[in-house]
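A.B. asks:
Number of protein chains: 2
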Amino acid sequence: MSTVTAMPTSPGGTRYKEVKEAMLAALTVQEWKGGEVIPSEKKLAERFGVSIGTLRKAIDELCAENILIRHQGLGTFVAMHRRDRHFFRYFRVTRRDGERTYPVVTLIDFRRVKASPAIAARLGIDDGARLYSFVNALALHEKVIMIDHIMLPETLFPGLTESTLRSRQDTLYNFYQDAFGINVAGTDERLRVGRVSESESAILQLDAGSAVMEVERVAYSINQKPVEYRLTHINTEEYDFVASTMKNGAVT
Amino acid sequence: MSTVTAMPTSPGGTRYKEVKEAMLAALTVQEWKGGEVIPSEKKLAERFGVSIGTLRKAIDELCAENILIRHQGLGTFVAMHRRDRHFFRYFRVTRRDGERTYPVVTLIDFRRVKASPAIAARLGIDDGARLYSFVNALALHEKVIMIDHIMLPETLFPGLTESTLRSRQDTLYNFYQDAFGINVAGTDERLRVGRVSESESAILQLDAGSAVMEVERVAYSINQKPVEYRLTHINTEEYDFVASTMKNGAVT
DNA sequence: AAGTGGTCTAGACCACTAC
DNA sequence: TAGTGGTCTAGACCACTTA
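Residue numbers (full-length UniProt numbering), protein chains in the order written: chain U, 1 to 252; chain B, 1 to 252.
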C-alpha cells in the first residue's frame, strides 16, 4: 500500500488544512478502516512533517465532523457507525413526549432499478444508471410509523444482495462502512407534507391518500460524494421529527 | 461596571473552559454588547491570567457556536443577527428548486396573554405568567406560505409594544438583541403534520382543515435559557423545510 | 507603521489506559 | 512503567486592516 504523504492537491493555504485533506485521502483509500486506530499523533506529525500542535488542529476538525474519535490513553480511531452511539444523529424521530426508541426494521422489498432523472441528479450519476432499491418498514413502540425507500448506486455497493442486507448485524450505515468501505459523514434532508401511496397506507394503517411527513434525504460520504438516496414517509400523529441547531439536544 | 475575572462557578476542570464560561458571563451581563468589539486576545489573556493559546481555544469554541466572530486585522466581535448574514441559519424554508428568498413579513395580530401550562413548560416559566403573543404572516415570491405564532415572556422583553415591534429595522432576532440584550444562540424544533385553523386557511389560501407542516420552536439564549416559543404552519406545496447535518449546505 | 487575529512551533506537564 | 491523547505555555512569524 502506498501511504499518502504528499499534499499538493488541496492547498487551502495552510499546513493543517493540507494535513487534514491528506488524512481524508488516506481514509477514502481505506488506508485506515472503520473502527481501526490511526497512528499516534507523534508518528503522524513526523509523517506529514509538521509539529504536533499543527497535526492536532487537523485532527480536531476531523473529530468535530465525526470522522475520527479520540480516546485519551488509547489512541485516535476511525469513527464507526454504531447503533448505540451515532444512531440518533441520523434518526431524528421522537415520540411527542420526547422519548427516543430504536426502531424495529423490516425489509419488505428489494429490487434492482434504473435511476430516474430526478434521482440520478440527486446522486450525481447518469440517468438510467443501475440502482439497488429497497424498502424498510420501521416500527416504534410496536407500531409501524415510517417507511423508507432507499436507493444505492450499484457501482458503490458492488455485489449487494438481499440476503447480505438482511443479515447485517448493526445499522445500515454501519453495514455500508463494514461491507463497502463507505463512510456516511452527513446528510441533506428536505421535509414537506406528502401523501401515502395505496401500498403504504395499508402498512401504516392510514386511509389511502392520508397526509404524512415526507423526507427526502441524500447521504454524503467523507469525500463529499452522494452515496444514498432515501425517501421517507412518516406518520406524525404521535411522533415528531426533531431539528435542533444546538449540540446539547435540550430535553424538554 | 464590575468586570468578570473570577472563574470558580463552572470549573469544568480545564482553564480554557473556565475562560469560556467567564466570557459567556461577561456577555450575559452585557459587558460586551451585540456588534461590539471585545478586547484583544493579548488583553484578555492578561485579564484571565492565561497564555494566548489558551485564551484562543476559549474563543475558538465561542466562534464555533456563532456567539463571537473573528475578523483578522480588526478584532473579535459579539455576533449580531443580521438579515444578510445569519438569517438563513434560522429560516430553513426553501423553494422546491432550492432557491432561497427573504420572506416579506406582515404583523397581523398582537396581544398580551397568559401562558398555558404546555407553553409555560416549554419556556420554563410559571403557568399563567404573562406573555406577549403576536402573529406574523410570511410571504415568499409574493404569496403567503407560512404563519408564525410567537410568544415572549414579558419579564424578558419589558416594555415591548406593537409599534416598537413594527418599527424594527432588521430581523426579529436582531431586534431582541438590540432592544432587550437577548442573544438567541440556538433553537430546538419539532416538526409534524398539522391542520390549519379556519383563520389561517384564509390567509394561506387553503381549504379549511388542510394539512400543513407544523413546526414548534423554542429559541434559547447564550445562557441556555428559553426566550421564545413559536408555532409555525407552512404550506409545503411548493416549498421544503431543509434540515442538513453538514456545514456546507450541499446545493442541489 | 502599529495593532489585530491566524498559523506554527517545540516542549512541558497531566490524565488515562494497558501491561 | 510506557504509551497515548489533553492541556498549557511562550514566543515567532505571517496576513490583514486602519491610519
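Note that CB positions come from ideal geometry on N, CA and C, so glycine has one too.
#1: Closer than 7 angstroms, Cβ to any Cβ of chain B: which residues of the region 230-248 of chain U, in chain order?
#2: Could you give the DSSP three-state label for residue 209 (chain B): helix, strand or coil?
#3: Any Cβ of chain B within less than 7 angstroms of the Cβ of residue 187 (chain U)?
#4: Taking the beta carbon of residue 246 (chain B) as the centre, do at least 16 other beta carbons fall within 10 Å, making it buried, or is it exposed?
#5: Determine contact between the region 228-238 of chain U and the region 193-204 of chain U, defined as no fewer than three beta-carbon pairs at a distance below 8 angstroms.
#6: State the Cα-Cα distance for the pair residue 170 (chain U) and residue 243 (chain B), rounded to the nearest angstrom.
#7: What residue range is occupied by the uninterrupted alpha helix (DSSP H) comprising residue 188 (chain U)?
#8: From which residue to which residue does the alpha helix (DSSP H) around residue 119 (chain U) run?
#9: For residue 228 (chain U), which of U:40, U:155 and U:24 has the nearest alpha-carbon?
#10: Can you grab the Cα-Cα spacing for the pair residue 185 (chain U) / residue 221 (chain U), in whole Å?
#11: For residue 111 (chain B) versus residue 133 (chain B), is the C-beta spacing smaller than 7 angstroms?
#12: State yes or no: is the beta carbon of residue 192 (chain U) nearer than 7 angstroms to at least one beta carbon in chain B?
#13: Hey, is the region 89-108 of chain U in contact with the region 122-130 of chain U, meaning 3+ C-beta pairs nearer than 8 angstroms?
#14: Would you say residue 79 (chain U) faces chain B, with C-beta separation under 7 angstroms as the test?
#15: Looking only at its own chain, which residues have a Cβ that is under 8 angstroms from the Cβ of residue 141 (chain U), when we skip the five neighbours before and after it?
#16: Please list the segments of the beta strand (DSSP E) lying wholly inside the region 132-182 of chain B, counting only runs of 3 or more residues, in order along the chain.
#17: Does residue 146 (chain U) get closer than 7 angstroms to chain B when you measure Cβ to Cβ?
#18: Within 10 angstroms of the Cβ of residue 240 (chain U), are there 16 or more other Cβ atoms? Answer buried if so, exposed if not.
#19: Enumerate in chain order the residues of its own chain whose CB-to-CB distance from residue 45 (chain U) is below 8 angstroms, with the five nearest sequence positions on each side excluded.
#20: Decide yes or no for the touch test of the region 63-83 of chain B against the region 26-38 of chain B: beta carbon pairs closer than 8 angstroms, at least 3 of them.
#21: Taking buried to mean at least 16 other C-beta atoms within 10 Å of its own C-beta, is residue 93 (chain U) buried or exposed?
#22: For residue 114 (chain U), which residues does DSSP report across the bridge?
#23: Note the first and the last residue of the continuous alpha helix (DSSP H) segment covering residue 201 (chain U).
#24: Between residue 2 (chain B) and residue 26 (chain B), what straight-line distance do the alpha-carbon atoms span, to the nearest angstrom?
#25: Taking 8 angstroms as the limit between beta carbons, can you name the residues of its chain near residue 223 (chain U), skipping five residues before and five after?
#26: Between residue 7 (chain U) and residue 149 (chain B), what straight-line distance do the alpha-carbon atoms span, to the nearest angstrom?
#27: Report the option in B:157, B:115 and B:107 whose CA atom is closest to the CA atom of residue 135 (chain B).
#28: Can you list, in chain order, the residues of its chain whose CB lies under 8 angstroms from that of residue 88 (chain U), leaving out five sequence neighbours each side?
#29: So, with DSSP's three-state summary, where would you put residue 41 (chain B)?
#30: With a cut-off of 7 angstroms, does the C-beta of residue 211 (chain U) fall near any C-beta of chain B?
#31: Can you name the residues of chain B whose CB is closer than 9 angstroms to the CB of residue 89 (chain U)?
#32: For residue 113 (chain B), tell me which candidate among B:71, B:127 and B:105 has the shortest Cα-Cα distance.
#33: Taking the beta strand (DSSP E) that residue 228 (chain U) falls in, what are its first and last residues?
#34: What residue range is occupied by the uninterrupted beta strand (DSSP E) comprising residue 14 (chain B)?
#35: Alpha carbons only, please: which of B:15, B:213, B:19 and B:205 is nearest the one belonging to residue 143 (chain B)?
#36: Between residue 2 (chain U) and chain B, is there a C-beta pair that is closer than 7 angstroms?
C.D. replies: On the basis of the supplied data:
#1: Of all residues in the region 230-248 of chain U, 236, 240, 241, 242, 243, 244, 245 and 246 have a Cβ within less than 7 angstroms of some Cβ in chain B.
#2: Residue state, collapsed to three classes: coil.
#3: At least one chain B Cβ lies under 7 angstroms of residue 187 (chain U).
#4: Classification for residue 246 (chain B): exposed.
#5: By the C-beta criterion, the region 228-238 of chain U is judged to be in contact with the region 193-204 of chain U, since at least 3 inter-stretch pairs fall below 8 angstroms.
#6: A direct Cα-Cα distance of roughly 25 angstroms separates residue 170 (chain U) from residue 243 (chain B).
#7: Residue 188 (chain U) -> not in any alpha helix (DSSP H); beta strand (DSSP E) instead, spanning 184-195.
#8: From DSSP, the alpha helix (DSSP H) with residue 119 (chain U) extends over 117-123.
#9: Distance check between residue 228 (chain U) and each of U:40, U:155 and U:24 places U:155 closest, using alpha-carbon atoms only.
#10: When rounded, the distance between both Cα atoms is 5 angstroms.
#11: With a cutoff of 7 angstroms on beta-carbon distance, residue 111 (chain B) and residue 133 (chain B) are scored as near each other.
#12: With 7 angstroms as the cut-off, residue 192 (chain U) counts as an interface residue toward chain B.
#13: Judged by Cβ distances under 8 angstroms, the region 89-108 of chain U makes no contact with the region 122-130 of chain U, as fewer than three pairs qualify.
#14: Residue 79 (chain U) does not count as touching chain B.
#15: For residue 141 (chain U), where only same-chain residues beyond five positions count, the Cβ hits under 8 angstroms are 95 and 101.
#16: Within the region 132-182 of chain B, the complete beta strand (DSSP E) segments of 3 residues or longer fall at 143-153, listed in chain order.
#17: False, the Cβ-Cβ gap to chain B never drops below 7 angstroms.
#18: Per the 10 Å Cβ criterion, buried.
#19: Hits under 8 angstroms: 51, 52, 54 and 55.
#20: By the C-beta criterion, the region 63-83 of chain B is judged to be in contact with the region 26-38 of chain B, since at least 3 inter-stretch pairs fall below 8 angstroms.
#21: The residue in question, residue 93 (chain U), is buried, as its Cβ has 16 or more Cβ neighbours within 10 Å.
#22: DSSP, once it has assigned bridges, lists U:130 as partnering residue 114 (chain U).
#23: In the DSSP annotation of this structure, the continuous segment of the alpha helix (DSSP H) that includes residue 201 (chain U) starts and ends at 198-204.
#24: The pLDDT assigned to residue 2 (chain B) is 42, lower than 50, so where the model puts this residue is not dependable, and the model offers no usable value.
#25: Within the same chain, residue 223 (chain U) has close Cβ partners 24 and 28.
#26: Residue confidence is low: residue 7 (chain U) scores 43 on pLDDT, short of 50, so the model does not pin down where it sits. Its coordinate-derived value is still stated next. So the two alpha carbons sit approximately 52 angstroms from each other.
#27: For the residues B:157, B:115 and B:107, the minimum Cα distance to residue 135 (chain B) belongs to B:107.
#28: Here the set comprises 100.
#29: Residue state, collapsed to three classes: helix.
#30: With 7 angstroms as the cut-off, residue 211 (chain U) counts as an interface residue toward chain B.
#31: One finds 245 in chain B with Cβ atoms closer than 9 angstroms to the Cβ of residue 89 (chain U), taken in chain order.
#32: Of B:71, B:127 and B:105, the residue nearest in Cα terms is B:127.
#33: Unbroken beta strand (DSSP E) run through residue 228 (chain U): 226-234.
#34: Here residue 14 (chain B) belongs to no beta strand (DSSP E), and DSSP marks it neither H nor E.
#35: It is B:205 whose Cα lies nearest to the Cα of residue 143 (chain B).
#36: With a pLDDT of only 42 at residue 2 (chain U), under 50, the local geometry of the prediction cannot be trusted, and no value is derived from it.
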